[in-house]
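Report on the following structure.
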Amino acid sequence: MIVPRNRLLVWVSLIVLPFAVLLAVETTAAMVALAIMGCLFVAAVVDAFLAFRSLAGVEATLPSVVRMSRDRTAKVEVRIQNVKQTARTIRVGLAMPAEIESGVEDVTVALPEGSEYSRLTWSCVPRQRGKFLLDAVHLEGISPMGFWARRKRIGAKCELRAYPNLLTERNSLAALFLNRGSFGVHAQRQVGKGRDFEKLREYVPGDGFDEVHWKATARRGRPITKVFQIERTQEVYVIVDASRLSARRPEKSVGKSAVRGLSSVAPANGRAVTDYDLLTTDSTLERFITAALVLGLAAEQQGDHFGLLTFSDKIGGFIRASSGKAHYSVCRDALYTLQPKIVSPDYDEVCTFIRTRLRRRALLIFLTALDDPALSESFVRNMDLIRNQHLVLVNMLQPPGAVPVFANPDVSVMDDLYQHLGGHLQWHQLQELDKVLRRRGVNLSILKNERLCAELVSQYLGVKRRQLL
């Protein structure tokens with residue numbers, strides 16, 4: 005496809021229009037006017053035919069996969085092939101998805117003479133995590149006289165993978181990831197006999213009947229005892245709730261002065277900043293995914309095996325606990341495309357799945373929301389299936405306003421009083437739920453949004469230090 009350029013429009017306005025007026029006013033100059041306009045027309049037609057050669061032998065390719073982190077500048081490399089190796093200037097454009105911002109719409113590239121391949125680096129910033137497709141590269145070449153531009157669309161299949169940004173959380177836990185968390189730590193005797201089978205030995209007076217291996221005893225004709233050892237490598241599973249409860253957005257803690265100043269906020273990214281933008285942050289699921297990946301890094305540092313389970317009204321994905329960079333990449337690929345579903349979570353399904361699939365004792369960290377009374381009752385009932393076999397920790401984000409009634413003295417109108425009273429009732433319901441779960445050996449933690457990752461890692465390290473597994 006060829007399109008006219010500004011140069012052609014300028015020449016038409018400078019030659020065709022004045023001479024057309026002259027032709028209408030002064031008929032004696034008709035031959036001169038028609039000759040000049042005819043020359044321009046012939047030049048434009050010839051240049052249009054030559055414009056088709058401006059992109060002859062020019063191709064562009066994109067990498068099959070580009071990995072990037074949310075809200076961080078990424079690079080997409082465009083490889084341009086100039087088969088004829090002639091010097092030419094072209095424009096390159098990439099139609100980025102709406103979720104990925106780019107500072108420019110097109111870039112002018114000068115292809116050098118004698119070089120077949122050239123590289124162009126395209127900067128962009130993903131604003132949402134997920135998998136996106138870049139399906140075309142747009143090229144534009146200029147005709148010799150500059151009257152026309154030829155445009156060509158080259159199909160491509162470039163997968164843009166925008167992963168969660170863990171930079172902030174990694175910086176806050178830098179001591180752990182830089183192996184400085186062990187400075188000043190002394191060797192401590194490990195208490196208990198453990199649950200990992202080590203070997204069989206002859207029966208010694210004092211061994212319990214539960215330690216006798218009855219099959220080996222019958223086979224050898226004398227009492228044989230099982231010997232266990234302390235678990236060196238433990239299994240840690242993060243269970244992420246991807247139901248409607250995780251689609252909500254926790255509120256930011258901003259003061260009234262900030263709310264009153266919303267009207268003075270300048271537009272950002274081409275749209276005005278609204279109350280919703282300042283009072284909300286990432287969805288609950290976004291925070292859960294970030295926390296799960298950070299905990300996976302912490303488990304890798306501690307030499308444990310890390311596993312993953314996602315669910316909503318059914319099991320979404322299950323990755324058995326393992327270790328290594330390849331395994332962490334598998335977990336990350338399973339999480340970065342996870343989106344919440346507008347359904348209620350099915351705790352019966354997930355607890356039954358855990359009971360049947362996880363035979364070895366493991367640390368189970370639930371990331372869910374239990375502020376719905378009906379769902380919390382279902383959760384408590386299903387904990388009886390797994391609490392004896394596994395160590396269960398439950399973490400949820402603090403619901404907005406769920407604080408004691410006198411915790412916030414900022415009351416100006418009667419509606420604030422009723423709002424605080426409702427928050428107190430919700431806070432009281434969560435405290436009662438915490439007591440019920442603790443009686444079953446399950447620990448419930450209600451965490452602030454900004455402290456979720458740090459508290460999760462702290463709980464995990466506390467379990468390791470106290471040898472609760």
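First residue of the sequence shown? That's 5 in our numbering, and the numbers climb one at a time after it.
We treat Cβ as the ideally placed atom computed from N, Cα and C, and that holds for glycine.
Beta carbon of residue i nearer than 9 Å to that of residue j
| i | j | result |
| --- | --- | --- |
| residue 322 | residue 361 | yes |
| residue 299 | residue 398 | no |
| residue 314 | residue 297 | no |
| residue 376 | residue 347 | no |
| residue 402 | residue 453 | yes |
| residue 372 | residue 349 | yes |
| residue 294 | residue 456 | yes |
| residue 451 | residue 387 | no |
| residue 241 | residue 312 | yes |
| residue 112 | residue 81 | no |
| residue 168 | residue 73 | yes |
| residue 83 | residue 66 | yes |
| residue 166 | residue 105 | no |
| residue 395 | residue 473 | yes |
| residue 79 | residue 122 | no |
| residue 389 | residue 409 | no |
| residue 77 | residue 129 | yes |
| residue 442 | residue 393 | no |
| residue 351 | residue 324 | no |
Rounded straight-line distance, which links the Cα of residue j to that of residue i
| i | j | result |
| --- | --- | --- |
| residue 253 | residue 138 | 29 Å |
| residue 440 | residue 383 | 11 Å |
| residue 309 | residue 470 | 18 Å |
| residue 332 | residue 94 | 42 Å |
| residue 41 | residue 134 | 56 Å |
| residue 190 | residue 160 | Below a pLDDT of 50, predicted positions are generally treated as unreliable, and residue 190, at 45, falls in that range; the measurement from the model is reported next regardless. Their Cα atoms are separated by approximately 57 Å. |
| residue 164 | residue 99 | 12 Å |
| residue 75 | residue 171 | 10 Å |
| residue 380 | residue 417 | 33 Å |
| residue 407 | residue 431 | 5 Å |
| residue 5 | residue 288 | 48 Å |
| residue 13 | residue 286 | 49 Å |
| residue 444 | residue 107 | 55 Å |
| residue 223 | residue 363 | 26 Å |
| residue 30 | residue 43 | 20 Å |
| residue 354 | residue 319 | 7 Å |
| residue 1 | residue 423 | With the chain covering 5 to 473 only, the question about residue 1 has no answer from this structure. |
| residue 291 | residue 464 | 17 Å |
| residue 244 | residue 368 | 11 Å |
| residue 47 | residue 64 | 30 Å |
| residue 237 | residue 414 | 50 Å |
| residue 114 | residue 151 | 19 Å |
| residue 92 | residue 338 | 44 Å |
| residue 259 | residue 97 | Any reading at residue 259 is ruled out, since the residue's pLDDT is 44, under 50, leaving its predicted position unreliable. |
| residue 302 | residue 157 | 46 Å |
| residue 23 | residue 17 | 10 Å |
Extent of the continuous beta strand (DSSP E) run through residue i
| i | result |
| --- | --- |
| residue 110 | 110-115 |
| residue 397 | 395-401 |
| residue 326 | 319-326 |
6 Å CB neighbourhood of residue i in its chain, flanking five on each side removed
| i | result |
| --- | --- |
| residue 272 | Because the pLDDT of residue 272 is 40, which lies under 50, any placement of that residue in the model is unreliable, and the number read from its coordinates should be weighed accordingly. No residues qualify anywhere along the chain. |
| residue 211 | 229 |
| residue 153 | 7, 9, 144 and 146 |
| residue 267 | Unreliable positioning characterises residue 267 in this predicted model, as indicated by a pLDDT of 38, which lies under 50. The coordinate reading is nonetheless provided below. The answer is none, since no qualifying residue turns up. |
8 Å CB neighbourhood of residue i in its chain, flanking five on each side removed
| i | result |
| --- | --- |
| residue 265 | Note on residue 265: pLDDT 42, under 50, position unreliable in the model; the coordinate value appears next. For residue 265, where only same-chain residues beyond five positions count, there are no Cβ hits under 8 Å. |
| residue 391 | 444, 445 and 446 |
| residue 429 | none |
| residue 19 | 40, 41 and 44 |
| residue 449 | 397, 398, 399, 400, 459 and 463 |
Residue interval of the alpha helix (DSSP H) (run including residue i)
| i | result |
| --- | --- |
| residue 331 | 329-339 |
| residue 87 | Careful: residue 87 lies outside any alpha helix (DSSP H) and carries neither H nor E. |
| residue 466 | 456-470 |
| residue 385 | 377-387 |
| residue 34 | 34-55 |
| residue 151 | Here residue 151 belongs to no alpha helix (DSSP H), and DSSP marks it neither H nor E. |
Other residues of its chain near residue i: CB distance less than 7 Å, five sequence neighbours each side excluded
| i | result |
| --- | --- |
| residue 220 | 204 and 228 |
| residue 15 | 44 |
| residue 304 | 310, 327 and 332 |
| residue 173 | 294, 298 and 457 |
| residue 149 | 47 and 51 |
Cutoff 9 Å: residue i Cβ touching any chain C Cβ
| i | result |
| --- | --- |
| residue 109 | Here there is only one protein chain, and chain C is not present. |
- Query: Touching or not, the stretch 43-56 and the stretch 84-104, by the rule of three or more beta carbon pairs under 8 Å?
  - Reply: They do not touch, by the three-pair rule.
- Message: Does the structure place the stretch 117-125 close enough to the stretch 145-155 that three or more beta carbon pairs sit under 8 Å?
- Response: The answer is no - the stretch 117-125 does not touch the stretch 145-155, with fewer than three Cβ pairs under 8 Å.
- Message: Between the stretch 245-252 and the stretch 220-229, can you find at least three pairs of beta-carbon atoms closer than 8 Å?
- Response: Output reads no: the stretch 245-252 does not touch the stretch 220-229.
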